[in-house]
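Student: In the UniProt record's numbering, the protein residues as written are 1 to 525. Ideal Cβ placement from N, Cα and C applies to all residues, glycine included. Bear in mind the structure is a predicted one, so any value in this text is a computation, not a measurement.
#1: Within 10 Å of its beta-carbon, does residue 397 have 16 or more other beta-carbons around it, so buried, or fewer, so exposed?
#2: Taking all protein chains shown into account, decide if residue 167 is buried (16 or more other Cβ within 10 angstroms of its Cβ) or exposed.
#3: Where do the N-terminal and C-terminal ends of the alpha helix (DSSP H) with residue 491 fall, by residue?
#4: Considering residue 515, what are the terminal residues of the alpha helix (DSSP H) in which it resides?
#5: Do you know offhand how far residue 287's Cα is from residue 163's?
#6: Is the stretch 370–390 touching the stretch 330–342 in the sense that three or more CB pairs, one from each, lie closer than 8 Å?
#7: By the DSSP assignment, the beta strand (DSSP E) with residue 371 in it spans what residues?
#8: According to DSSP, is residue 178 helix, strand or coil?
#9: Could you tell me which residues DSSP puts in a beta bridge with residue 366?
#10: Mind checking which residues open and close the alpha helix (DSSP H) that includes residue 451?
#11: Using the Cα positions of residue 76 and residue 14, report the straight-line distance between them to the nearest angstrom.
#12: In this structure, how does DSSP classify residue 519 when only helix, strand and coil are distinguished?
#13: Mind listing, in chain order, the continuous beta strand (DSSP E) runs of no fewer than 3 residues lying wholly within the stretch 352–430?
#14: Please list, in chain order, all residues of the same chain as residue 189 whose beta carbon is under 7 Å from its beta carbon, the five residues on each side excluded.
#15: According to DSSP, simplified to helix, strand and coil, what is residue 163?
#16: Could you check the C-alpha separation between residue 416 and residue 146 for me, to the nearest Å?
#17: Go to residue 291, then tell me how far its beta strand (DSSP E) extends in each direction, as first and last residue.
#18: Between the C-alpha atoms of residue 22 and residue 16, what's the straight-line distance to the nearest angstrom?
#19: Just the Cα atoms here: how many angstroms apart are residue 277 and residue 232?
#20: Would you mind working out which of 490, 360, 343 and 523 sits nearest residue 509, comparing C-alpha positions?
#21: In the DSSP assignment, what residue or residues form a beta bridge with residue 208?
#22: Take residue 495 and list the residues in its own chain whose beta-carbon comes closer than 8 Å to its own, dropping the five residues that flank it on each side.
#23: Within its chain, find whatever has a CB closer than 6 Å to the CB of residue 504; leave out the 5 residues flanking it on each side and keep chain order.
#24: Just mark residue 473 as buried or exposed, buried being the case when its beta carbon has 16 or more other beta carbons within 10 Å.
#25: Mark residue 493 as exposed unless 16 or more other C-beta atoms lie within 10 angstroms of its C-beta, in which case mark it buried.
#26: From this set, 172, 366, 224 and 141, which residue's C-alpha is nearest residue 156's C-alpha?
#27: Can you name, in chain order, every residue of its own chain whose Cβ lies under 8 Å from the Cβ of residue 486, other than the five neighbours on each side?
#28: For residue 290, which option in 359, 499 and 354 has the closest C-alpha, if you only look at C-alpha atoms?
#29: Would residue 215 and residue 208 be called neighbours here (beta carbons separated by less than 8 Å)?
#30: In whole angstroms, give me the CA-to-CA distance for residue 292 and residue 142.
#31: With distances taken from CA atoms, which of 475, 502, 449 and 437 is nearest residue 483?
#32: Where do the N-terminal and C-terminal ends of the alpha helix (DSSP H) with residue 463 fall, by residue?
#33: Whole angstroms is fine: what's the gap from residue 153's alpha carbon to residue 381's?
#34: Can you name, in chain order, every residue of its own chain whose Cβ lies under 8 Å from the Cβ of residue 419, other than the five neighbours on each side?
#35: Restricting to Cα atoms, I'd like to know which of 230, 206 and 199 is closest to residue 222.
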């Protein structure tokens, strides 16, 4: 005689087996209908633990195998506790209490033999139904109501889409809509009949209210299509990174920019604040002007101020103007932030004010880069001591790992300075050598901006680059043979730039001038 508890357990298992058999028959009928309609289904991607929905395990491998025809059995990713099996079919999550459910019945819409008149309302990229993402797809991570999700930014999809299991798990409000057909890029069709009108999506500390249609997509949880992209200001996508930069409510998303020493610079776009700021036009020195002061220097040292702008205190009455928001809350800068229109001129003014007695004697200052130059080692030690004392008196700090002391040559403002003269930075020239042919005006501007920084090394630079600069004046980008020849000539010239000698103002100088109806030329020798 079996105990009552054991007998009750056997009766429950028997009842469950009978219900699973009924379910198996219903699923087979649904499966046949789906095959007849060529309605492809793929397993969903589980990106969050589903232990909030505990379901009983199948009692045996035989029963489990019997329902694998139409139902995929998945285990949650988390392994912190024993895995439970979860049953998914279409959009319906099978609850824990299987006994309380009526036997499943096939959808009348799927089993109907009447012809269905399709009316395509929008289109959907095939990548979101295949679940296959490639290097050229732009996938992001975000949050919905604090739960992590994966996002695909897809301009090939007309509208925003959300995975049905996300809607079920987060209990989002659903608005029924008239059933309509969605054309997929591979020629197939899906059918949609519901809409989540308010989906609170958070990405990079920015909150978006994204209306999304509910469709069985795979590989990602949410697709942001052209419907969302149209709400942004002009945006820039780089699929080689991949990355995306866009404006939301007039400001850029807060970013962290990696610096040369692998540290991170926190940047906030103050476009709205800069628009109402009165500009301070303090003169910023030019690079060529600074390099002309280095004649006769044999020993140099370079100081790099640590987080330069942040070392200047923001007046208390202006602190609230520097406010920014992140996913962790609302913050304000106490030190001067990067990105404000008056930050460069303010910083240069402050540094020049206490370095004024030393400027152009043995100190050059370009923002947070300070160069100390001397004709010999003895005087150089005295110069370093004087500079460091001034920094200490004014409570400025340097990054010691980025400060070479007493060296014969140094990299300063992307120039290599030595006793022999001034040369271009080889790393920048390597970038020029590997620069691909531009296919847009923005790419051409980037190339001309880089080589233009070294234009004083190139003889007749303006005439060589004329076919390229002429392209910037046109509305559309049209690459021609003249531009291609100029591009190749500039790359060839930049690879083998000469070294320039430092100006010696103790020698006689000759000025040679020339002019025509289209240009002027001046040579100082």
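Tutor: Let me spell this out:
#1: exposed
#2: buried
#3: 481–495
#4: Here residue 515 belongs to no alpha helix (DSSP H); instead the beta strand (DSSP E) covers 511–515.
#5: Taking the straight line from one Cα to the other gives about 55 Å.
#6: no
#7: Per DSSP, residue 371 is one residue of the beta strand (DSSP E) stretching across 369–374.
#8: strand
#9: 369
#10: 441–452
#11: Here residue 76 scores only 33 on pLDDT, less than 50, and its place in the model is too uncertain to base an answer on.
#12: coil
#13: 363–366, 369–374, 410–412, 415–418 and 421–424
#14: 118, 181, 182 and 183
#15: coil
#16: 50 Å
#17: No beta strand (DSSP E) holds residue 291; the alpha helix (DSSP H) holding it covers 287–291.
#18: 10 Å
#19: Whole-angstrom Cα-Cα distance: 25 Å.
#20: Residue 509 has its Cα closest to that of 523, out of 490, 360, 343 and 523.
#21: 201
#22: Result list for residue 495: 429, 432 and 433, in chain order.
#23: Beyond the five residues adjoining it in sequence on each side, residue 504 comes within less than 6 Å, by CB distance, of 295 in the same chain, given in chain order.
#24: exposed
#25: A buried status is given to residue 493, since no fewer than 16 other beta-carbon atoms sit within 10 Å of its beta-carbon.
#26: 224
#27: These residues qualify, in order along the chain: 464, 465, 466, 467 and 468.
#28: 359
#29: no
#30: 51 Å
#31: Distance from the Cα of residue 483 is smallest, within the candidate group 475, 502, 449 and 437, for 437.
#32: 461–471
#33: 57 Å
#34: 297, 298, 408 and 409
#35: 199
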